[in-house]
Amino acid sequence: MKVENQQLKAFLLDSGLVKKKDLDAADKKAAKTKKRLSDVLLAGGFISEEELIKMEAYILGIPFVNLIEEKIPSEILKLIPEPIARSHNIVAFRKKGQELEVAMLDPEDLATIDFIRKKSNLKILPRLTTPEGMKQVLRQYSKTLEAEFGDIIKKDVGGIKSLRDKGLDEGKNLKKTAEELPVIRIVDTLLKHAILQRASDIHIELTEREVLVRYRIDGVLRDAMVLPRHATSGIVARIKVLANLKLDEHRLPQDGRFKVEAEEYKYSVRVSILPVFGGEKVVMRLLSETADAFTLEELGLRGLALEVIQDGLKRPVGMILVTGPTGSGKTTTLYSMMEILNTPEVNISTVEDPIEYR
372 MKVENQQLKA FLLDSGLVKK KDLDAADKKA AKTKKRLSDV LLAGGFISEE
422 ELIKMEAYIL GIPFVNLIEE KIPSEILKLI PEPIARSHNI VAFRKKGQEL
472 EVAMLDPEDL ATIDFIRKKS NLKILPRLTT PEGMKQVLRQ YSKTLEAEFG
522 DIIKKDVGGI KSLRDKGLDE GKNLKKTAEE LPVIRIVDTL LKHAILQRAS
572 DIHIELTERE VLVRYRIDGV LRDAMVLPRH ATSGIVARIK VLANLKLDEH
622 RLPQDGRFKV EAEEYKYSVR VSILPVFGGE KVVMRLLSET ADAFTLEELG
672 LRGLALEVIQ DGLKRPVGMI LVTGPTGSGK TTTLYSMMEI LNTPEVNIST
722 VEDPIEYR
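Set out below in structure tokens:
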């Protein structure tokens with residue numbers, strides 16, 4: 372349930388947080404503009420966002436938690452998958468026995484609470500928090516590359532020498548550079564960290580003085596790491612070797628593939644290399660090859676949206692359009708739908724360009 376304007380007005384008058392004349396003026400403006408009283412009060416600077424949410428929590432009988440002051444262990448945070456946490460603004464922050472405390476912005480999101488309860492097999496205790504506190508905790512899902520692998524990267528970058536420093540002919544020695552241990556470790560570390568962050572793409576781009584590494588997570592490009600410019604040739608050469616591309620081709624675009632495997636994951640990496648001013652730009656698309664596909668619920672679909680899709684999948688004919696930016700999960704969503712349709716009596720053919728999952 373949401374706090375009605377009159378409930379909030381009565382509480383503010385009793386608490387004395389807002390002067391009566393200011394409250395009356397805000398109430399009239401809310402009625403005229405058909406906005407919530409709380410939005411008008413916030414816009415006018417009569418009350419802070421934290422004060423407002425604390426009052427709403429009190430009126431609704433839901434405890435308030437200030438996440439900015441909370442230190443959340445990673446094993447607790449990961450009880451709620453990052454896509455669910457981001458799309459529904461809900462995070463786990465404390466666990467006691469079989470009880471899990473979750474902070475959220477919308478206490479009416481009962482479908483998400485029920486999903487987390489079933490997934491974790493824990494009793495869920497909802498708490499209200501501020502948008503700023505929620506943002507701060509969500510950032511913990513995407514720790515920067517420096518925080519987790521900074522020492523490894525910096526140490527290995529120091530061991531890379533540019534071809535110019537070596538005094539060697541570039542065309543003949545790119546393969547040797549690509550096989551140097553520091554270069555191998557840097558590329559392996561970039562791939563591992565991107566996979567752990569559930570990135571869909573890795574962008575390696577040249578700037579005037581450095582190399583910028585960015586990850587695409589949930590369709591948004593985010594800065595991950597800055598490397599010295601002299602490391603470029605070795606990193607690009609290593610990726611070309613992995614993707615079986617021509618090392619001495621710098622003027623034409625190249626596309627290739629390779630696989631990355633570990634005990635906990637198996638990925639296919641699609642590589643695109645483009646010539647740019649002063650060097651080459653690399654984009655790597657990360658495609659999971661794990662046997663288990665995501666369910667629609669795990670992708671964040673709930674309520675009416677989920678019902679509409681499930682109803683559409685039961686129809687004998689029709690079309691479902693899935694749209695979104697690069698890396699937002701279009702192909703993954705379609706494969707999740709096909710997983711539902713993939714029964715012994717059904718024959719499925721797909722037309723794909725490019726073919727992402729093999």
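Numbers in our numbering are just positions in the sequence shown, counted from 1, shifted up by 371. By construction, the Cβ of each residue, glycine as well, lies at the ideal position given by its N, Cα and C atoms. Since this is a predicted model, take the numbers as computed values, not measurements.
Quiz item: For E550, which of E581, T501, K611, H574 has the nearest alpha-carbon?
Solution: K611
Quiz item: Taking DSSP as the reference, what is the three-state secondary structure of K390?
Solution: coil
Quiz prompt | 7 Å CB neighbourhood of R484 in its chain, flanking five on each side removed | solution = The sequence shown places Ile at residue 484, rather than the Arg named in the question. For I484, where only same-chain residues beyond five positions count, the Cβ hits under 7 Å are I495, P497.
Quiz prompt | Sequence ranges, beta strand (DSSP E) only - wholly within the segment 457-497, length at least 3 | solution = 461-467, 470-475
Quiz prompt | F665 versus E634, S707, V642, L379, residue with shortest Cα-Cα distance | solution = S707
Exercise. Would you be able to state if there are at least three C-beta pairs under 8 Å between the segment 443-463 and the segment 402-421?
Key: no
Quiz item: Hey, how far is the Cα of A602 from the Cα of K547?
Solution: The straight-line gap from Cα to Cα measures roughly 14 Å.
Self-check item: Closest by C-alpha distance to V631, when choosing among K563, L645, S604
Solution: K563
Quiz item: Run through DSSP, which three-state label would G683 get?
Solution: helix
Self-check item: Distance, V508 Cα to V462 Cα
Solution: 8 Å
Quiz item: With DSSP run on the structure shown, which of helix, strand or coil describes L450?
Solution: coil
Quiz item: Mind checking D540: buried by the 16 CB within 10 Å criterion, or exposed?
Solution: At D540, the pLDDT of 49 sits below 50, so the modelled position is not reliable and the matter cannot be decided from this model.
Self-check item: Cut-off 7 Å between Cβ atoms - residues of its own chain near L408, not counting five sequence neighbours on either side
Solution: N376, L379, K380, A397, D398, A401
Quiz item: Is DSSP giving V411 helix, strand or coil here?
Solution: helix
Quiz item: How would you write the range of the alpha helix (DSSP H) that E427 sits in, first residue to last?
Solution: 420-431
Self-check item: Neighbour flag for R686 against chain D, beta carbons, 8 Å
Solution: Chain labels in this structure do not include chain D; a single protein chain is all it has.
Quiz item: What residues in its chain sit with their C-beta under 8 Å from that of P696, if we drop five residues either side in the sequence?
Solution: G590
Quiz item: With C-beta atoms as the reference, is Y512 less than 8 Å away from E453?
Solution: yes
Practice problem: Would you give the residue range spanned by the beta strand (DSSP E) that V584 belongs to? | Solution: 581-588
Self-check item: Which listed residue (L657, V582, I726) has its alpha carbon closest to that of V647
Solution: V582
Self-check item: Complete beta strand (DSSP E) runs within the segment 632-716 (minimum length 3 residues, chain order)
Solution: 637-647, 650-659
Self-check item: Cα-Cα separation, T702 to I573
Solution: If I take the Cα positions, the gap works out to 18 Å.
Practice problem: Just grab the DSSP bridge partners of R628 for me. | Solution: R641
Quiz item: What's the C-alpha gap between R569 and E427?
Solution: 35 Å
Quiz prompt | Reduced DSSP category for I443 - H, G, I as helix; E, B as strand; rest coil | solution = coil
Quiz item: What's the gap between the Cα of V554 and the Cα of K466?
Solution: 42 Å
Practice problem: Using alpha carbons as the reference points, say which of E479, G504, N492 lies closest to E440. | Solution: G504
Quiz item: Among N460, K490, D477, which residue has its Cα nearest to the Cα of L471?
Solution: K490
Quiz item: Whole alpha helix (DSSP H) runs in the segment 555-619 with 4 or more residues, listed along the chain?
Solution: Qualifying alpha helix (DSSP H) stretches, in chain order: 603-613.
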